[in-house]
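*Asks:* Be aware that the sequence shown starts at 8, since it is given in the working numbering, and climbs by one per residue.
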Amino acid sequence: MKAVLGNNVYVRALTETMLIEWNQLTSARAAQGSQLQNPYGKGAENSPLLSGKRGWKRQRLVLNPKPGKLNDDASSYRPLCMLNTTGKIFERLICTHLEKELDQLRALSDHQFGFRRKRSTIDAIQTVTQLAANAIEGERWLGGSKEYCLVCTLDVKNAFNSANWNLVLQALHRMGISNYLIVADYFKDRALTYSSDVGVHEYLVTGGVPQGAVLGPILWNVMYDEILRQVLPAGCTVVGFADDIALVTVAKTLDEITDRCSLAIDTLMCWLADNGLADRIIQPPVQSCLQTLRTAHHRQLLHGIRGSRASGSRYYTDRPAGGRTKNWEHRKQDSAQQHDRGMAKERRHGQVDFYLTQMISGHGCFKEYLHRFNHEQNPYCDHCGTGSIEDADHALFICPLFVRYRAEAETTTVCNLTADNVISCMLESQSKWDAIANMAAAILKELRRRERSRRIQS
Numbered sequence: 008m009k010a011v012l013g014n015n016v017y018v019r020a021l022t023e024t025m026l027i028e029w030n031q032l033t034s035a036r037a038a039q040g041s042q043l044q045n046p047y048g049k050g051a052e053n054s055p056l057l058s059g060k061r062g063w064k065r066q067r068l069v070l071n072p073k074p075g076k077l078n079d080d081a082s083s084y085r086p087l088c089m090l091n092t093t094g095k096i097f098e099r100l101i102c103t104h105l106e107k108e109l110d111q112l113r114a115l116s117d118h119q120f121g122f123r124r125k126r127s128t129i130d131a132i133q134t135v136t137q138l139a140a141n142a143i144e145g146e147r148w149l150g151g152s153k154e155y156c157l158v159c160t161l162d163v164k165n166a167f168n169s170a171n172w173n174l175v176l177q178a179l180h181r182m183g184i185s186n187y188l189i190v191a192d193y194f195k196d197r198a199l200t201y202s203s204d205v206g207v208h209e210y211l212v213t214g215g216v217p218q219g220a221v222l223g224p225i226l227w228n229v230m231y232d233e234i235l236r237q238v239l240p241a242g243c244t245v246v247g248f249a250d251d252i253a254l255v256t257v258a259k260t261l262d263e264i265t266d267r268c269s270l271a272i273d274t275l276m277c278w279l280a281d282n283g284l285a286d287r288i289i290q291p292p293v294q295s296c297l298q299t300l301r302t303a304h305h306r307q308l309l310h311g312i313r314g315s316r317a318s319g320s321r322y323y324t325d326r327p328a329g330g331r332t333k334n335w336e337h338r339k340q341d342s343a344q345q346h347d348r349g350m351a352k353e354r355r356h357g358q359v360d361f362y363l364t365q366m367i368s369g370h371g372c373f374k375e376y377l378h379r380f381n382h383e384q385n386p387y388c389d390h391c392g393t394g395s396i397e398d399a400d401h402a403l404f405i406c407p408l409f410v411r412y413r414a415e416a417e418t419t420t421v422c423n424l425t426a427d428n429v430i431s432c433m434l435e436s437q438s439k440w441d442a443i444a445n446m447a448a449a450i451l452k453e454l455r456r457r458e459r460s461r462r463i464q465s
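1. Exposed or buried, what is K76 when buried is set at 16 or more other beta-carbons lying within 10 Å of its beta-carbon?
2. Just grab the DSSP bridge partners of T419 for me.
3. Kindly indicate the opening and closing residues of the alpha helix (DSSP H) around M446.
4. Going residue by residue through the stretch 51 to 135, where are the continuous beta strand (DSSP E) segments of at least 3 residues, counting only ones entirely within it?
5. Comparing C-alpha positions only, which one of G283, Q111, E435 and C432 sits nearest to G183?
6. To the nearest angstrom, report how far apart S368 and I189 are at their CA atoms.
7. From which residue to which residue does the alpha helix (DSSP H) around H180 run?
8. So, under 8 angstroms CB-CB, L138 and T244 are touching, yes? Tell me the CB distance rounded to an integer number of Å.
9. Considering just the uninterrupted stretch of the beta strand (DSSP E) at S431, what are its terminal residues?
10. Using only alpha-carbon positions, find the residue among T419, L235 and I405 that is nearest to A249.
11. Select from D389, S116 and V429 the residue whose C-alpha is nearest the C-alpha of A178.
12. Taking just the CA atoms, how far does N282 sit from I101?
13. Helix, strand or coil: how does DSSP classify C159 here?
14. In the DSSP assignment, what are the bridge partners of I234?
15. Leaving aside the five residues before and after S83 along the sequence, list all residues of the same chain whose C-beta is less than 6 angstroms from its C-beta, in chain order.
16. Taking the beta strand (DSSP E) that F248 falls in, what are its first and last residues?
17. Does DSSP put D389 in a helix, in a strand, or in coil?
18. Once DSSP output is grouped into helix, strand and coil, what is the label at I184?
19. My output table needs one value for V359: the three-state DSSP class, helix, strand or coil.
20. Indicate the three-state DSSP secondary structure (helix, strand or coil) for A285 in the structure shown.
21. Which whole-angstrom value is the C-beta distance of Q119 and D251, which I expect to be below 8 angstroms?
22. In whole angstroms, what is the alpha-carbon distance linking V135 and G242?
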């Protein structure tokens with residue numbers, strides 16, 4: 008028995024007790040003239056426990072096709088290991104006591120939600136969304152509490168098969184787990200059998216935890232726990248679900264969120280590299296995400312009303328192709344945008360709401376925008392006729408239909424509002440911000456009413 012179970016005395020004693028109870032039950036059934044099937048095979052001689060063989064460490068590979076994947080690619084299959092029933096009994100005995108000790112010692116990070124009691128994917132998602140919700144509470148302007156929030160996800164490809172056995176054992180020792188649960192013998196002499204066109208093959212396993220094993224998930228959590236405890240820059244939090252982790256970064260400015268997220272990613276990648284997992288990580292395009300966030304922010308503040316493509320085309324209209332005039336005007340416009348950009352960051356007033364977002368982005372009930380997605384038959388303004396495209400610029404600053412709303416806003420702002428100066432005007436004071444926000448809300452509500460009427464008529 009010791010040759011089969013190694014030095015895990017407690018588990019060996021439990022297993023011996025289990026076999027004694029089985030023999031007693033078998034004898035009782037035999038006395039009654041009935042038979043009870045041996046779980047190890049057709050006879051006691053086939054039992055890996057009694058024979059001293061390590062058949063319970065042998066696993067059979069089965070490839071389960073992933074739905075919606077092509078069958079000519081290896082990644083289209085999910086490898087499952089069909090394990091020996093006796094081995095599963097051993098694993099269940101160990102797993103029960105290991106989970107109990109991990110809970111008592113609080114050895115696993117609170118930010119690990121995978122394969123743990125009373126935790127689920129919903130809890131992990133709620134943790135991430137709550138961090139984001141806390142970040143965007145309050146006000147945006149200088150001194151306000153509202154911050155940017157960026158979420159990057161990292162996934163270890165073929166994770167369970169990548170687990171390093173030495174790292175698992177080191178983590179168990181580091182967590183202070185009892186020696187009888189340090190499953191060093193569990194990792195020895197493991198073999199995988201698989202079938203091919205020429206027959207059955209056997210492969211000696213030297214790493215990974217079997218998919219389908221009882222101990223697999225908890226041993227992965229033990230090994231992966233350290234990455235959830237890395238010292239990261241302020242505002243960075245790692246949330247894990249088994250091998251999937253989400254890095255949530257919160258900061259007041261785009262520059263801060265760029266620096267913090269980059270440093271945090273570097274820290275996590277260093278840990279993965281030290282533990283032989285860096286080449287298996289599906290790393291997110293962090294710089295691309297940050298650039299998208301930065302571009303969207305600048306477009307909203309400066310020239311989103313016309314849309315980036317419309318703004319560019321209008322700017323160069325009636326200007327000579329090439330030459331110093333165009334270049335000088337371009338530099339002058341860049342200078343004005345830099346000024347507005349600085350004012351926007353340092354403002355102490357103004358909250359962007361639902362209607363201001365549509366005004367700034369150009370994504371709203373404008374016929375030009377709806378026509379892009381075939382929600383309108385044409386992009387032209389119903390009031391002004393086919394010569395005028397109804398985009399954000401036209402509806403808010405040109406169309407005579409909304410002259411009353413513009414007049415009310417211009418009375419407060421003391422400014423002839425255009426797409427070029429509306430952002431600068433909003434940034435001057437709270438009263439001007441509110442006046443323009445009210446104008447945008449009134450116009451967009453009317454556009455929404457008209458859009459619904461057209462849908463009903465059609």
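Built from N, CA and C at the ideal position, the CB exists for glycine as well.
*Replies:* So, from the listed chains and residues:
1. So K76 counts as exposed.
2. According to DSSP, T419 bridges with nothing at all.
3. Q437 to Q464 is the extent of the alpha helix (DSSP H) around M446.
4. The qualifying runs are 65 to 72 and 84 to 90.
5. Between G183 and the set G283, Q111, E435 and C432, the nearest pair of CA atoms involves Q111.
6. A direct Cα-to-Cα measurement between S368 and I189 gives close to 58 angstroms.
7. That run of the alpha helix (DSSP H) goes W172 to R181.
8. Taking 8 angstroms as the upper bound for CB-CB distance, L138 and T244 are in contact here, some 6 angstroms apart.
9. Annotation: S431 is outside any beta strand (DSSP E); the continuous alpha helix (DSSP H) that includes it extends over V429 to M433.
10. A249 has its Cα closest to that of L235, out of T419, L235 and I405.
11. Closest in C-alpha terms to A178, from the list D389, S116 and V429, comes S116.
12. Here the alpha carbons of N282 and I101 stand approximately 25 angstroms from one another.
13. In the structure shown, C159 falls within a strand segment according to DSSP collapsed to helix, strand and coil.
14. Partner(s): none; I234 has no beta bridge.
15. So the qualifying residues of the chain are K73, K76 and L77.
16. C243 to F248 is the extent of the beta strand (DSSP E) around F248.
17. Of the three classes helix, strand and coil, the one that applies to D389 here is coil, per DSSP.
18. Three-state DSSP puts I184 in coil, outside helix and strand.
19. V359: coil per DSSP, three-state reduction.
20. It is helical.
21. For Q119 against D251, the beta-carbon gap comes to about 11 angstroms, at or over 8 angstroms, which does not count as contact.
22. Near 13 angstroms, if we compare the C-alpha coordinates of G242 and V135.
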